[in-house]
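As you go down the protein sequences, you meet chains Z and D in turn. The first sequence: position 42 = 42 (the working numbering), numbered continuously. The second sequence: position 57 = 57 (the working numbering), numbered continuously. Glycine included, C-beta positions come from ideal geometry on N, C-alpha and C.
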Amino acid sequence: MTIPAEHIIIDRILAGEPSVYAELVNKHKSYAFTIANKILQNRAEAEEAAQDAFIKAYHHLSSFNREAKFSTWLYRIVFNTAISYKRKSRHTFQSIENTVLEYAPDGEGTLERTDKRKYLALAMARLNEADRTALTLFYLDEFSLEEIAEITGMQANTAKVRIHRARLRLADELKLILKQEALTL
Amino acid sequence: MKKIPQAQEEMLFDYLDGTLNAADKQRLETELSHNRELKARLDELQNVELWLSKISLEDTPSRNFTQQVMGKLDQYPARSSTLTSRNGIFLLVGILVAVGLATILVSSGVFDGVQTTINLNQELPQKYIPKSLPQYVPKSLPPIALSGKLIVNIVILLNLGLAWLVLDRAILRPLFQRRMHAGH
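Right, dumping it as structure tokens:
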């Protein structure tokens with residue numbers, strides 16, 4: 001059985017080579033930031049939370065038991081850190097629940113690719129943070145349901161049901177934003 | 001649109017995800033061929049799938065993200081779990097005000113007359129003394145005298161210790177760490 005490259009890096013860090021941690025940070029920063037951003041919906045806070053999570057992970061590297069993937073273990077820390085940031089900033093968080101969102105199609109009534117992304121982000125922002133994260137991880141196609149469940153601290157079955165329901169809620173939100181007919185465009 | 005049972009909706013997702021077994025898939029396809037409501041819901045969910053397939057790692061952190069993390073590796077615990085300098089200053093001011101007030105009151109003799117005695121010779125009711133111990137004679141313990149002044153002085157000392165801890169954790173340590181990093 002081959003030792004995963006990440007385990008070799010971890011061994012080097014634990015042996016007193018902290019500078020190689022930069023390799024792990026570089027490899028996982030986009031995912032970590034995406035998860036934090038999906039939860040916090042604020043780039044500055046997401047960046048701070050993701051950095052905090054990397055620092056926590058570094059100081060707890062010796063407790064990583066290597067049975068799970070390093071990424072799953074790390075993203076769980078990111079998820080929990082972002083959730084605790086969210087709790088702290090809830091009083092200042094501006095909900096978009098009541099924001100009036102207008103669907104403004106172009107002349108031919110079609111949605112450009114960038115518009116689709118924008119409306120998807122708006123609809124996603126109306127879901128709760130756990131749903132957003134679970135959906136994002138599921139559609140990034142990188143993690144199994146079991147891994148998503150581990151990252152978000154749920155049972156695999158609960159994660160599956162959560163993803164199903166989040167998709168239904170997202171469909172409803174998109175319909176609300178785009179009006180009934182536009183969803184099929 | 002008529003409400004579709006939750007179990008059927010879940011089955012639609014399994015169908016879309018390709019995780020439905022052959023028998024259930026066959027059954028669902030038969031149902032879809034004559035249930036227009038269900039077919040409409042499937043079309044709707046297929047469209048949502050197309051939308052969701054647009055999810056990508058667009059979110060990229062700042063360019064110096066890695067350098068920032070590496071620069072902060074020594075600053076653990078991270079900000080989220082430490083006492084912030086601002087809160088530390090508030091706490092410190094609060095403690096010092098409380099200590100100052102207590103010192104003024106002690107020095108003005110407010111607590112001089114406050115005395116209490118703890119009596120350790122509570123007598124047990126007869127019913128709790130076993131009959132097998134007829135010659136039980138309780139030994140008398142000396143009472144403990146406490147003065148209010150002594151108690152307040154102990155509280156003041158504990159508060160001063162706490163104030164020192166807060167000063168160290170929330171103000172001095174972050175200050176020296178910042179200076180150390182600025183020197184690199």
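> Helix or strand or just coil, what does DSSP make of T133/Z?
Replying inline: In the structure shown, the three-state DSSP call for T133/Z is helix.
> Can you find a C-beta in chain D that's less than 9 Å from the C-beta of A156/Z?
Replying inline: With 9 Å as the cut-off, A156/Z does not count as an interface residue toward chain D.
>> Does I96/Z pass the burial test, meaning 16 or more other C-beta atoms within 10 Å, or should it be called exposed?
In response: Caution is warranted here: a pLDDT of 43 is assigned to I96/Z, below 50, making its placement in the model unreliable, and no coordinate value can be reported.
> Quick one, which residues of the region 148-175 of chain D are near chain Z if we go by CB-CB under 7 Å, in chain order?
Replying inline: Correct list: empty, as no residue qualifies.
>> When you compare the region 60-75 of chain D with the region 25-33 of chain Z, are there three or more beta-carbon pairs, one atom per stretch, that lie closer than 8 Å?
In response: Yes, since at least three Cβ pairs between the region 60-75 of chain D and the region 25-33 of chain Z fall closer than 8 Å, the two stretches touch.
>> R66/Z and E150/Z - do their beta-carbons sit closer together than 9 Å?
In response: Not closer than 9 Å, so no.
> Looking at chain D, which residues of the region 112-130 of chain Z have a Cβ within less than 7 Å of any of its Cβ atoms?
Replying inline: Listed by position, the residues of the region 112-130 of chain Z near chain D (Cβ gap below 7 Å) are K116, R117, L120.
> Where does L146/D sit, in a helix, a strand or coil, going by DSSP?
Replying inline: Note: L146/D maps to strand in three-state DSSP.
> DSSP on T66/D, reduced to helix/strand/coil?
Replying inline: Three-state result, T66/D: helix.
> Is S71/Z buried or exposed, if buried means 16 or more other CB atoms sit within 10 Å of its CB?
Replying inline: S71/Z should be labelled buried.
>> Distance check for D74/D and F65/D, CA to CA, integer angstroms please.
In response: So the two alpha carbons sit approximately 16 Å from each other.
> What did DSSP end up calling I118/D once you bin it into helix, strand or coil?
Replying inline: Strand at I118/D.
>> Could you tell me which whole alpha helix (DSSP H) segments of length 4 or greater appear in the region 26-55 of chain D?
In response: Runs of the alpha helix (DSSP H) inside the region 26-55 of chain D: 36-52.
> Got a sec, what are the start and stop residues for the alpha helix (DSSP H) T152/Z sits in?
Replying inline: Here the alpha helix (DSSP H) through T152/Z covers 145-152.
> What does A22/Z reach in chain D if we use C-beta pairs closer than 7 Å?
Replying inline: What A22/Z touches in chain D: T66, M70.
> Name the chain Z residues whose beta carbon is nearer than 7 Å to that of P5/D?
Replying inline: Neighbours of P5/D in chain Z, taken as residues at a C-beta separation under 7 Å, are lacking, since the least C-beta distance is about 13 Å.
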